[in-house]
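Colleague:
Number of protein chains: 2
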Amino acid sequence: VSAAAIDHARLNAMPFGDVVFSQRSIRRYRPEPVPIPMEDLQVIMEAAVRAPNGGNAQPARFVLITDRARIEKMASLYKDAWWAKRRDEYGWRGIDDIPADEKNLLSAARLAETMDRVSAIVLAFGRARNRFGQAENDATSVVPAIQNLMLAARALGIGSIPTRLHPDVLERVYDLFGVPEGAYLHLMIPLGYPASPRAFGLSRRLPTSETVFLNHWGDAVPWA
Amino acid sequence: VSAAAIDHARLNAMPFGDVVFSQRSIRRYRPEPVPIPMEDLQVIMEAAVRAPNGGNAQPARFVLITDRARIEKMASLYKDAWWAKRRDEYGWRGIDDIPADEKNLLSAARLAETMDRVSAIVLAFGRARNRFGQAENDATSVVPAIQNLMLAARALGIGSIPTRLHPDVLERVYDLFGVPEGAYLHLMIPLGYPASPRAFGLSRRLPTSETVFLNHWGDAVPWA
Chain A
1 VSAAAIDHAR LNAMPFGDVV FSQRSIRRYR PEPVPIPMED LQVIMEAAVR
51 APNGGNAQPA RFVLITDRAR IEKMASLYKD AWWAKRRDEY GWRGIDDIPA
101 DEKNLLSAAR LAETMDRVSA IVLAFGRARN RFGQAENDAT SVVPAIQNLM
151 LAARALGIGS IPTRLHPDVL ERVYDLFGVP EGAYLHLMIP LGYPASPRAF
201 GLSRRLPTSE TVFLNHWGDA VPWA
Chain B
1001 VSAAAIDHAR LNAMPFGDVV FSQRSIRRYR PEPVPIPMED LQVIMEAAVR
1051 APNGGNAQPA RFVLITDRAR IEKMASLYKD AWWAKRRDEY GWRGIDDIPA
1101 DEKNLLSAAR LAETMDRVSA IVLAFGRARN RFGQAENDAT SVVPAIQNLM
1151 LAARALGIGS IPTRLHPDVL ERVYDLFGVP EGAYLHLMIP LGYPASPRAF
1201 GLSRRLPTSE TVFLNHWGDA VPWA
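Sequence order for the protein chains is A and B. Here the first sequence is numbered in our numbering, starting from 1 and rising by one per residue. Here the second sequence is numbered in our numbering, starting from 1001 and rising by one per residue.
In structure tokens, the structure reads:
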């Protein structure tokens, strides 16, 4: 398959701005997972690799998980690791232990509990060594592809959220999926259809007048 | 400025797929830099912050450089640092030292030589410590915003390329822009109008049949 052969027309149903301004991290998926058509998954992955990467070295590799048994295994590892981290940090053992005002953690916990509802999972890898044999953080060559992937999914009505795996479970994940020496996981991205038809929408963010400066740190932008 | 007040209609002139499948790293800019309208820069930055980030902690901060004297200072630092690195690695001191078949390095060298032609520069920062006071790599909370930024620029006909700064010049950059303790630069993104009207187009990538695996590392996707 040559790159030129890819038909990306199915990603043109939405205008660019509407996709970007309605991408939200989706944490609630339909209880009965609906498979994502393989042609949708293909165009999502084609969109991913279009993103820039350092020197076109293309270190990114992806494992696309569609097999239900493997999704459930991954979901179970994710859930165990999520709770292990919260047990270590806060002593929490279940949703009832989380204070009601910790809204972000509560919805993250619900995601961990229901990760087996997603339709597919993408594991996104970089490589631990560059061509000079030096240890390297190549996030800047992998994460742009992940963002393209999530935007393309949203353009097709598919929700996603970037998640990290606890280091404790990484070795088990690498064994499960046959990940070779020298590759390492940046992010795990579940994909699925949102439980609510109103799930997509404008994300809550600090105003850019507080996070963007003009010409010098702290100096106001003209639209402030 | 509340997030809801942002009009992103100017980003809707192109359909989503056409933006993603024609984003290319732009290394040649018009010799006479044309200023980017501030309303374009604003909507580009609004698009940037819409990208997902870990736990909505929003560590990303941006310095948007539009002042010509500062762009020229930054361009000069970038050029010096670029050549310093190549001198250390390969002993090269100028474009004539680069072998003709090193096309990526040749175009990177040309970019370094002509960085003062860009219309604006964005410096994208994360923070070196998380809320537990631990050293942290928050690339996964900053780089998605950079990718949104570059896609939004492309939707407006503005070229960009993610670049790294040599560690040797970071302190000088931090001094120049008043970057506080605890913030660190992920990437520098020049923005400008491409020299060629045919600059945007499909990027050259390995086929996804080689970089995406189905359910297990090394196993072929159905479209292979």
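We put the beta carbon where it would ideally sit given N, CA and C, even for glycine. This one's a predicted model, so the numbers in the text were calculated from it and none came from an experiment.
Could you say which of A:38, A:35, A:42 lies nearest to residue 1208 of chain B if we only look at CA atoms?
Modeller: Per the Cα distances, A:42.
Colleague: Using a Cβ cut-off of 8 Å (strictly closer), state whether residue 38 of chain A contacts chain B.
Modeller: So yes, residue 38 of chain A belongs to the interface.
Colleague: Please report whether the beta-carbon of residue 1030 of chain B lies at a distance below 8 Å from any beta-carbon of chain A.
Modeller: No, no contact with chain A.
Colleague: Could you work out which residues of chain B lie near residue 182 of chain A, taking near to mean beta carbons separated by less than 7 Å?
Modeller: Correct list: empty, because the minimum Cβ distance to chain B is about 12 Å.
Colleague: So if DSSP puts residue 1122 of chain B in a beta bridge, which residue, or which two residues, is it bridged to?
Modeller: The partner list for residue 1122 of chain B (beta bridge, DSSP) reads B:1064, B:1189.
Colleague: Can you tell me whether residue 1090 of chain B is buried or exposed? The criterion is at least 16 other CB atoms within 10 Å of its CB, across all chains shown.
Modeller: With fewer than 16 Cβ atoms within 10 Å of its Cβ, residue 1090 of chain B is classed as exposed.
Colleague: Quick one: which residues of the stretch 1041 to 1062 of chain B get their C-beta closer than 7 Å to a C-beta of chain A? List them in chain order.
Modeller: Listed by position, the residues of the stretch 1041 to 1062 of chain B near chain A (Cβ gap below 7 Å) are 1042, 1045, 1046, 1047, 1049, 1050, 1051, 1052, 1055, 1056, 1058, 1060, 1061, 1062.
Colleague: I'd like to know if residue 124 of chain A contacts chain B, where contact means its C-beta is closer than 8 Å to some C-beta of that chain.
Modeller: No, no contact with chain B.
Colleague: Who are residue 1029 of chain B's beta bridge partners in DSSP?
Modeller: DSSP output for residue 1029 of chain B lists B:1194 as bridge partner(s).
Colleague: Go through its chain and collect everything with a Cβ distance to residue 1160 of chain B's Cβ below 7 Å, but skip five positions before and after it.
Modeller: Here the set comprises 1026, 1150, 1153, 1189, 1190, 1191.
Colleague: Looking at chain A, which residues of the stretch 1195 to 1220 of chain B have a Cβ within less than 8 Å of any of its Cβ atoms?
Modeller: Residues 1202, 1203, 1204, 1205, 1206, 1207, 1208, 1209, 1211, 1212, 1213, 1214, 1215, 1216, 1217, 1218.
Colleague: Skipping 5 residues on each side, what residues in its chain have a beta carbon closer than 7 Å to that of residue 11 of chain A?
Modeller: So the qualifying residues of the chain are 43, 47, 152, 155.
Colleague: Going along chain A in order, which residues have a C-beta closer than 9 Å to the C-beta of residue 1161 of chain B?
Modeller: Near residue 1161 of chain B (Cβ distances below 9 Å), the residues of chain A are 52.
Colleague: Within 8 Å of any Cβ in chain D, is that where the Cβ of residue 1150 of chain B sits?
Modeller: In the structure shown, chain D cannot be found, because the protein chains are A and B.
Colleague: Provide the residue(s) that pair with residue 1159 of chain B in DSSP beta bridges, ordered along the chain.
Modeller: DSSP output for residue 1159 of chain B lists B:1192 as bridge partner(s).
Colleague: Please work out which residues of its chain come closer than 8 Å, Cβ to Cβ, to residue 1085 of chain B, disregarding the five sequence neighbours upstream and downstream, and give them in chain order.
Modeller: Only 1166 meet the Cβ criterion.
Colleague: Is the stretch 199 to 206 of chain A touching the stretch 19 to 33 of chain A in the sense that three or more CB pairs, one from each, lie closer than 8 Å?
Modeller: Counting Cβ pairs under 8 Å, three or more are found: they touch.
Colleague: Report buried or exposed for residue 55 of chain A, applying the criterion of at least 16 other Cβ atoms within 10 angstroms of its Cβ.
Modeller: Looking at its Cβ environment, which holds fewer than 16 other Cβ atoms inside 10 Å, residue 55 of chain A is exposed.
Colleague: Using only CA atoms, which one of B:1006, B:1193, B:1224, B:1039 lies nearest to residue 1119 of chain B?
Modeller: Considering only alpha carbons, the answer is B:1193.
Colleague: For residue 141 of chain A, count the other beta carbons within 10 Å of its own beta carbon; 16 or more makes it buried, fewer makes it exposed. Which is it?
Modeller: Buried, by the Cβ-count rule.
Colleague: Provide the residue span of the beta strand (DSSP E) that contains residue 1212 of chain B, from first to last.
Modeller: Here the beta strand (DSSP E) through residue 1212 of chain B covers 1212 to 1214.
Colleague: What residues in its chain sit with their C-beta under 7 Å from that of residue 61 of chain A, if we drop five residues either side in the sequence?
Modeller: So the qualifying residues of the chain are 125, 183.
Colleague: Can you tell me whether residue 1138 of chain B is buried or exposed? The criterion is at least 16 other CB atoms within 10 Å of its CB, across all chains shown.
Modeller: Flag for residue 1138 of chain B reads buried.
Colleague: Taking Cβ to Cβ, would you say residue 174 of chain A is nearer than 8 Å to residue 115 of chain A?
Modeller: Cβ atoms of residue 174 of chain A and residue 115 of chain A: not closer than 8 Å.
Colleague: So is residue 1009 of chain B buried or exposed if we call it buried at 16+ other beta carbons inside 10 Å?
Modeller: It is exposed - the Cβ of residue 1009 of chain B has fewer than 16 other Cβ atoms within 10 Å.
Colleague: Could you work out which residues of chain B lie near residue 70 of chain A, taking near to mean beta carbons separated by less than 7 Å?
Modeller: Result: 1215.
Colleague: Can residue 1036 of chain B and residue 1158 of chain B be called in contact, C-beta distance under 8 Å?
Modeller: Yes, the pair counts as a contact, with Cβ atoms nearer than the cut-off.
Colleague: Who are the Cβ neighbours of residue 1170 of chain B in its own chain at under 7 Å, not counting the five residues just before and after it?
Modeller: Excluding residues within five positions, the ones whose Cβ falls inside 7 Å are 1185.
Colleague: So, are the CB atoms of residue 187 of chain A and residue 211 of chain A less than 8 Å apart?
Modeller: It is not a contact, given that the beta carbons lie outside the stated cut-off.
Colleague: Can you tell me the Cα-Cα spacing of residue 94 of chain A and residue 110 of chain A, whole angstroms?
Modeller: So the alpha carbons of these two residues sit roughly 10 Å apart.
Colleague: Three-state secondary structure (DSSP) at residue 1167 of chain B?
Modeller: In the structure shown, residue 1167 of chain B sits in a helix (DSSP, three-state: H, G or I).
Colleague: Taking the alpha helix (DSSP H) that residue 1046 of chain B falls in, what are its first and last residues?
Modeller: Start and end: 1038 to 1049.
Colleague: Along chain B, in chain order, which residues have C-beta atoms closer than 8 Å to that of residue 9 of chain A?
Modeller: Within 8 Å Cβ-Cβ: 1017.
Colleague: Does residue 25 of chain A get closer than 8 Å to chain B when you measure Cβ to Cβ?
Modeller: Cβ-Cβ to chain B under 8 Å: yes for residue 25 of chain A.
Colleague: Tell me the rounded alpha-carbon separation between residue 217 of chain A and residue 82 of chain A.
Modeller: Using only the alpha carbons, I get a separation of about 36 Å.
Colleague: Between residue 175 of chain A and chain B, is there a C-beta pair that is closer than 8 Å?
Modeller: No, residue 175 of chain A does not count as interfacial toward chain B.
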